[in-house]
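Take a look at the structure below.
There are 4 protein chains.
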Amino acid sequence: MSSNTFGKLLSVTTFGESHGPAIGCVVDGCPPGLELAAEEFAHDLQRRATGKSRHTSARREADEVEILSGVYEGRTTGTPIALLVRNTDARSKDYADIAAQFRPGHADYSYWQKYGIRDPRGGGRSSARETTMRVAAAVIAKKWLQQRHGVSVRGFLAQIGEVKPGGFDWSAVEDNPFFWPHAPQVPELESYMDALRKSGDSVGARVTVVADGVPPGWGEPIYGKLDGELASALMSINAVKGVEIGDGFDVVAQKGTHHRDLIAPDGFASNHAGGILGGISTGQQVVASIALKPTSSLRLPGPTVDVNGNPVEVVTTGRHDPCVGIRATPIAEAMVALVLMDQALRHRAQCGDVGTITPRIPAGPGLGEAE
Amino acid sequence: MSSNTFGKLLSVTTFGESHGPAIGCVVDGCPPGLELAAEEFAHDLQRRATGKSRHTSARREADEVEILSGVYEGRTTGTPIALLVRNTDARSKDYADIAAQFRPGHADYSYWQKYGIRDPRGGGRSSARETTMRVAAAVIAKKWLQQRHGVSVRGFLAQIGEVKPGGFDWSAVEDNPFFWPHAPQVPELESYMDALRKSGDSVGARVTVVADGVPPGWGEPIYGKLDGELASALMSINAVKGVEIGDGFDVVAQKGTHHRDLIAPDGFASNHAGGILGGISTGQQVVASIALKPTSSLRLPGPTVDVNGNPVEVVTTGRHDPCVGIRATPIAEAMVALVLMDQALRHRAQCGDVGTITPRIPAGPGLGEAE
Amino acid sequence: MSSNTFGKLLSVTTFGESHGPAIGCVVDGCPPGLELAAEEFAHDLQRRATGKSRHTSARREADEVEILSGVYEGRTTGTPIALLVRNTDARSKDYADIAAQFRPGHADYSYWQKYGIRDPRGGGRSSARETTMRVAAAVIAKKWLQQRHGVSVRGFLAQIGEVKPGGFDWSAVEDNPFFWPHAPQVPELESYMDALRKSGDSVGARVTVVADGVPPGWGEPIYGKLDGELASALMSINAVKGVEIGDGFDVVAQKGTHHRDLIAPDGFASNHAGGILGGISTGQQVVASIALKPTSSLRLPGPTVDVNGNPVEVVTTGRHDPCVGIRATPIAEAMVALVLMDQALRHRAQCGDVGTITPRIPAGPGLGEAE
Amino acid sequence: MSSNTFGKLLSVTTFGESHGPAIGCVVDGCPPGLELAAEEFAHDLQRRATGKSRHTSARREADEVEILSGVYEGRTTGTPIALLVRNTDARSKDYADIAAQFRPGHADYSYWQKYGIRDPRGGGRSSARETTMRVAAAVIAKKWLQQRHGVSVRGFLAQIGEVKPGGFDWSAVEDNPFFWPHAPQVPELESYMDALRKSGDSVGARVTVVADGVPPGWGEPIYGKLDGELASALMSINAVKGVEIGDGFDVVAQKGTHHRDLIAPDGFASNHAGGILGGISTGQQVVASIALKPTSSLRLPGPTVDVNGNPVEVVTTGRHDPCVGIRATPIAEAMVALVLMDQALRHRAQCGDVGTITPRIPAGPGLGEAE
């Protein structure tokens, strides 16, 4: 399969560079009959967009989605759905200075070594601009998951630098520019980001995504495990350096008696596993977290080499996010939703449409919800 | 692609259950002409095997590999290499009691919900016995990587419970049953494991794998990224709940000025990135770590339900590892080696056989080596 | 996907050489719960086997199938089903003379050019021995198709050399060693083959496969079309040089008014299309035919070159079929059945389990059945 | 892999409906550094286009290709190349009458049965309009094959109805609107087509494609055979009902002594095999032929049913080709070129960049060239 395509039955192929004429995607394998209109993409694309607050890059893209195919009279036909977004606010001249240099911590050098040619404008293909189309594609997946299975996929910013949420409330997440789950901390975060931006430095972040309503049985052992596919899907997001399912790296220090989620007829007692055992969903909340590195595009100078191998000092002057994790929440949600829909179709293929296997154990307590 | 196959050009299909007649794999896409003999599998299979020390499961398998195809007069022919290992020490009666119960923290319930049928003997397909064939397949990958590119893949146990290495020396790793990189701590670990085994409980662990000599340019953006594929390959190992590349989750609290690996003509100054930028290798050490949960197969009883939905108390009496992480080092190495070889072939397909792109920056300091 | 694997959701990976220790396959993606026993493979493997009549190769293989995995207490579990057949009657010394020569019309030269190494014993991987495992895998597909959808897949020999059937009766096909649909011609065919065998020459053949009961809707446009996948599956059979769907090459001289299959509420009026339109089944009989070349392994000498490029005269003394088409009927059925089951699962994935779309047009007249 | 994508390493994903806003494709896996400009697509798209002579559909499309990604400063970068063509001459009202009817011989009924919804305008996704993008994608493949390996791919119309070429001259093929290889017959064909068009009927055709310069060794046994992949690629073209390699169905009546292509140090003596043995190229011309059915969109009425199952009489009034085979030559070339480039990359992946295996036998006589 092509390396710009992911998903086995619901497959998404993305294309486009940061400063090229357009970015787009082809979503193939969507069941027929789903209602779909161009307006439906706006909400999640706006959640992902730059330029909405002073805490993200100043680039302002309309991100208007044109549906090129696969929809007839407002419903999907089962044929490939092509989505197109024109780039309108690219400032390629910002990159003229660094076209012949390799920014430390960027894909500049590795792309160059692989291909012997690279599009330096805005990072070209390696830019997070590409994630626009993941979010667009996932609008379809989220809708289908909700309509067909009652599954919802939500995310939040779980840490930024050293700052962790002091409380948790889903209803707060969409009411601040950080997707932060604890409203009282928002002013603190605003100050934190302002200071960071002024310093010219950047910082890392942690994002958590939760899927509610996933029925037991999704996921294909051994190499198509639900957690395995979440791992590659999430790791493919720009700047991600780690992926956790459930308790993640905390399990290293746990005892088995603590970790195992006990089962009772009225529900699981806990969810250390993050809703996945043996690569297959258990019916509990599916919980995944990612670590995003601090962006390497800094105003602060640093030593590097140019394409001739000479040492130079590089300064990045383009428009960049001081914390790429801030906008990563809808992107991470998108990848989780796309993986889930793909697995749902794969499960239906092998095991049939409707699960009727007993006993079915209730999910038990969910993250941030009344227990 | 089938869910029991991984790899795009070097593909590995595994089959077999823990207590079935045999386990095996088919390795397809291997270049022709590689010398290969059945004896070469013994070393890594013994590193992975149970029953060698009191700290792992007591099951003793000969793990004798039969080469069924793909090798002629001692060399690979380019056709699929099938490897077979007969199961010889299965004690299925240990599982009679739990055949109708769902062990908390195990794949029992999720397999049952997916398929409506499961082989309870030794965990069936969900058993870590399957990883034997990953290790066998990777013997081929390790050899090819070494011969063709001078790449070596090594791992070690980086944490067990709360215990972290107090020092680091590659030469210590293979001289103790834990793959522990600091010899003076081995007695402490022995005591720790003895106490744990007596308690009937289990504990988690962390394993790190390092690949030296990986040239820059391996990895396919966007959805075939080297780190993305490492993530799914490693997450597919039994009990893994988290994957990190380079600094992993530590990046959450890092600043960009700290994280970015500065570049000089005589080498990278650091390797926070773990040797991968934009999904493509940089020529530095490739570093990946995993978190392994404490096994859920405990002698200590716990509440669960049976297949009729009735509450029961379960006790696992089969032979199990109190810390599955101990034997995970060769398995994690295997997955890294298989991903690397696959990516090497993919890179050759698109970009040609020999990298000659300049400038090529030296790797810089490696983990645990003189800087 | 590996080149020794086919099928997207029901995937079959085969391995093994003609004179290696064993041949085998891994069938992945089979729905759970299907009853399956080792004895069920015998019937179709015997239909394909050599050594049953004087008209095929004298090699006598037991073709005993061992189920290595994927079946528990007589039912499939949804995990990969590995099947193994040991080679028992290989006479490799027959090939010593030709190990360093390229037989004209054989894969000897092309394998050598690709890999620089080849297993000359019995043709190695290029031998039709490999098709044993396709037939074995298809036993599972045929059973599932019959049980789940009432689909049956049958084939017959439609031409041998210049001889065409003088009549058609399904009930005759299994009562002669040629799968010939017209009993009165069997003595003529016996004489024809006896004379051919004495002459040392070989002859081509045509085989037709018919699938009854295929519901409308199977097949994925554009590049996963049912006819497209039948074409590659059938072309992959040894010696096949052509594939036709329905009227096949006869359409070149047809007019549209003749070719189009008119539709009436009580059924299609004809089936020139072979049951497939736009790559999707129509509910009519699916009809595919293949052309098999005369085998190139002849006792009659012919000029060629050796591995040093010197001209030599080659004579093939091993045991060979004077008409490989005779045994090709069960092999062609196998490939059709495997493609159909794969497409059935793919259709279920995207479009759901049960077709309820109206109007559904009856199939109309079938090949060789009362109209 | 998605069903609208083909190719393993050079993969092409197409999207778009006949009367939708646009059609397009994403070409992934192309080696970096290939020069590519939008103008280069015009030549082959014009060869495929309708509306150039009275013998094809009257629809006139500009078929202007926009390169959306993957090319920087005139060279491919190794990232996905997206190509877009806007539809400009769609007349959807022509289809209002037949939107609720199933045209006999068309994909109308089968799409309806699969999806329960279909875009009737111009045939929607099942229209040959889609092949525009195959031809566009293949412009890249043809160029790379020529530059890198000196491979050329050419086709011609080998039969139309009962009319066969009375001679053969490559230089004639591009000088008439039929791709006919024998100039003196062109007036006869003009009259034939005029009469056919007046009658309201249509006719079938045969197209042959020849690839010169293919080195030995391309093709992957067993299920990725070069001929197997040519078969599915060619069968996926609209209206194709049969595929032949080399002598194709003529082999049924051939003897082995006739069919086998004898080998001498100075070249193969003949090419009955069509340049492929055991699924791998031999270094001879690769020759493939297809049968195209007469289009079913006729002005002449015929009985069918409507979406309510009632019998109706259908008349197709849209713009259609009386012989779809006339424009199929560049489409068939495209599919052959795309398969060859994909196999070239796959061969390089497994077996290395440069073939140096001896002895290499010259190709011998080519079709229509001096022997």
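Chains as they are written, first to last, in my numbering: chain H, 69 to 439; chain S, 69 to 439; chain Z, 69 to 439; chain V, 69 to 439. For every residue, glycine included, the Cβ atom is placed at its ideal position computed from N, Cα and C. As the structure is a computational prediction, the values presented were derived from the model and not from experiment.
Chain S contact for residue i (CB, 8 Å cutoff)
i         : result
Z/Lys-211 : no
V/Ala-301 : no
Z/Arg-414 : no
Z/Asp-295 : no
V/Ala-417 : yes
H/Ala-431 : no
Z/Thr-81  : yes
V/Gly-119 : no
Contact set for residue i: own chain, Cβ-Cβ below 7 Å, skip 5 residues either direction
i         : result
V/Leu-302 : Val-308, Val-311, Ala-356, Ile-358, Ala-400 and Met-403
Z/Ser-364 : Arg-171, Pro-172, Gly-173 and His-174
Z/Asn-378 : none
V/Glu-198 : Thr-82, Gly-84 and Ile-91
H/Tyr-179 : Arg-186 and Ser-194
Z/Gly-88  : Asn-155
Proximity test, Cβ basis, 8 Å: residue i and chain Z
i         : result
S/Ala-405 : no
S/Tyr-140 : yes
V/Tyr-33  : In the structure displayed, chain V extends from 69 to 439; residue 33 of chain V sits before or after that span and is not available.
H/Gly-316 : no
V/Ser-86  : no
Cutoff 8 Å: residue i Cβ touching any chain V Cβ
i         : result
S/Gln-17  : Any property of residue 17 of chain S remains undetermined from this structure, which presents chain S solely from 69 to 439.
H/Ile-305 : no
S/Cys-391 : no
H/Thr-156 : no
Z/Thr-385 : no
S/Leu-77  : yes
Z/Ser-270 : yes
Close Cβ partners of residue i (< 8 Å) along its chain, the five nearest in sequence each way excluded
i         : result
H/Glu-439 : Any reading at H/Glu-439 needs caution, since the residue's pLDDT is 45, under 50, leaving its predicted position unreliable; the model's value is listed next. Excluding positions up to five away in sequence, the list reads Pro-433.
V/Thr-145 : Pro-100, Gly-138 and Val-139
Cut-off 6 Å between Cβ atoms - residues of its own chain near residue i, not counting five sequence neighbours on either side
i         : result
Z/Gly-195 : The question names Gly, yet the displayed sequence has Ser at residue 195 of chain Z. Answer for Z/Ser-195: Ser-86, listed in chain order.
V/Arg-128 : Gly-119 and Asp-157
H/Val-94  : Thr-81, Pro-148 and Ala-150
S/Tyr-115 : The question names Tyr, but residue 115 of chain S in the sequence shown is Arg. The residues are Pro-398.
Check: residue i C-beta below 7 Å from any heavy atom of the ligand NAP
i         : result
H/Ser-365 : Looking at this structure, you won't find the ligand NAP or any other ligand, since it has none at all.
8 Å Cβ cutoff, residue i in contact with chain H
i         : result
Z/Gly-285 : no
Going along the chain, which residues of the region 89 to 106 of chain V sit with their C-beta nearer than 8 Å to a C-beta in chain H? Pro-89, Ala-90, Ile-91, Gly-92, Val-94, Asp-96, Gly-97, Pro-100 and Gly-101
Any 3 or more C-beta pairs closer than 8 Å across the region 271 to 284 of chain Z and the region 269 to 277 of chain V: no
Using a Cβ-Cβ cut-off of less than 9 Å, list which residues of the region 340 to 355 of chain V approach chain Z; keep chain order. His-340, Ala-341, Gly-342, Ile-344, Leu-345, Gly-346, Gly-347, Ile-348, Ser-349, Thr-350 and Gly-351
Per the contact definition of three or more C-beta pairs closer than 8 Å, is the region 251 to 260 of chain S in contact with the region 222 to 231 of chain S? yes
Got a sec: which bits of the region 213 to 224 of chain H sit with their beta carbon under 7 Å from any beta carbon on chain Z, in order along the chain? none
Below 9 Å between beta carbons is the criterion; list the residues of the region 124 to 151 of chain Z that meet it against any residue of chain S, in chain order. Glu-134, Ile-135, Leu-136, Ser-137, Gly-138, Val-139, Tyr-140, Glu-141, Arg-143, Thr-144, Thr-145, Gly-146, Thr-147, Pro-148, Ile-149 and Ala-150
In chain order, each beta strand (DSSP E) run of at least 3 residues that lies wholly inside the region 316 to 395 of chain H: 354 to 360, 370 to 373 and 379 to 382
Using 8 Å as the cut-off, can you tell me whether the region 202 to 217 of chain S makes contact with the region 408 to 418 of chain S, which would need three or more C-beta pairs spanning the two stretches below that distance? yes
When Cβ atoms are compared, which residues of the region 179 to 208 of chain S fall closer than 7 Å to chain H? Tyr-179, Trp-180, Gln-181, Lys-182, Tyr-183, Gly-184, Arg-193, Ser-194 and Glu-198
Below 8 Å, how does it come out for the region 217 to 227 of chain H and the region 135 to 148 of chain V: are there three or more Cβ pairs, yes or no? no
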